[in-house]
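Step one of this worksheet: look at the structure below.
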Amino acid sequence: MDEEDVLPEAVAAPLVVEFTEEEIVGPQSDPLSSAEPRPEIELPRGRPTPANRGRVVTVMNQKGGVGKTTTVINVATHLAMHGVRVLVVDCDQQGNCATGLGIDKSRVKHTTRTLFTEPEQAASCRHATAVPGLHLIVGERSLVGLEQELSTRLGRERCLSEGLEALLPHYDLILLDTAPS
30 MDEEDVLPEA VAAPLVVEFT EEEIVGPQSD PLSSAEPRPE IELPRGRPTP
80 ANRGRVVTVM NQKGGVGKTT TVINVATHLA MHGVRVLVVD CDQQGNCATG
130 LGIDKSRVKH TTRTLFTEPE QAASCRHATA VPGLHLIVGE RSLVGLEQEL
180 STRLGRERCL SEGLEALLPH YDLILLDTAP S
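Counting in the working numbering, the sequence shown runs from 30 upward without gaps.
Now the structure itself:
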């Protein structure tokens, strides 16, 4: 056997390590029980919402599949179950909010596209869900070409806000679920 083939004794010998019970289980006292409470953090207060006018919150992320729609559906449902009047506007051409809220997209006439192109029809775009106080404006495939269609329209940057304007007094919160981009 060459010297290179011989393992040093420290490597060749089996490794045996013994631990005490305290080292395995840990100390018997809870380290958090003696922790001092943290001071409260003062957060800046937002502007109060005018009476009879809801707030609009947009949930967006450039990446798809990160849980935007799931977040919107769960937050909207939770708030509606606690008495908040909520409208979800699905701005995604996949229209998964309808599926998640139990609405058959094939039976819907007025959608988010209508909200953008015919803001005076905003009220007819709303669809009640099984959750009292929660309504949905359904997104669907025709939203794909909407941006290009609106690109030549004067005042296109206000299309959505014009559509939502008539709905704001009827809701405490309007949640916009956006498409990735």
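Think of the CB as a built atom: it goes at the ideal place given N, C-alpha and C, for glycine as much as any other residue.
With distances taken between CA atoms, His156 lies nearest to Ser135 out of Arg170, Ser135, Glu50.
Nearest to Ala105 by C-alpha distance, out of Cys154, Gly96, Leu163, is Leu163. The C-alpha of Ala208 lies about 20 Å from the C-alpha of Val115.
One thing to note: Lys97 has its Cβ no nearer than 8 Å to the Cβ of Val86.
Between the alpha carbons of Asp206 and Pro161 lies a gap of roughly 20 Å. Annotated as proximal: Leu144 and Gly192, with beta-carbon spacing under 8 Å. When DSSP states are grouped into helix, strand and coil, Thr140 belongs to the coil group. Secondary structure at Val167: coil, using DSSP grouped into helix, strand and coil. Short of 6 Å from the beta carbon of Pro148, and not among the five residues preceding or following it, lie these beta carbons of its own chain, in chain order: Glu191, Gly192. In this structure Ile203 is buried. Its beta-carbon is surrounded by 16 or more other beta-carbon atoms within 10 angstroms.
Between the alpha carbons of Leu130 and Gln123 lies a distance of about 14 Å.
Just measuring C-alpha positions, the residue of Cys188, Asp119, Pro66 sitting nearest Thr146 is Cys188. Residue environment: Thr141 is assigned as buried (16 or more neighbouring CB atoms within 10 Å of its CB, all protein chains considered). Ranked by Cα distance from Cys126, the first of Ile166, Lys138, Ser153, Val113 is Ile166. For Thr158, the secondary structure class from DSSP, reduced to helix, strand or coil, is coil. Assigned with DSSP and collapsed to three states, Thr100 falls in helix. Between the alpha carbons of Glu194 and Arg84 lies a gap of roughly 11 Å. Within a 10 Å sphere around the beta-carbon of Ala152 sit fewer than 16 other beta-carbons, which makes this residue exposed.
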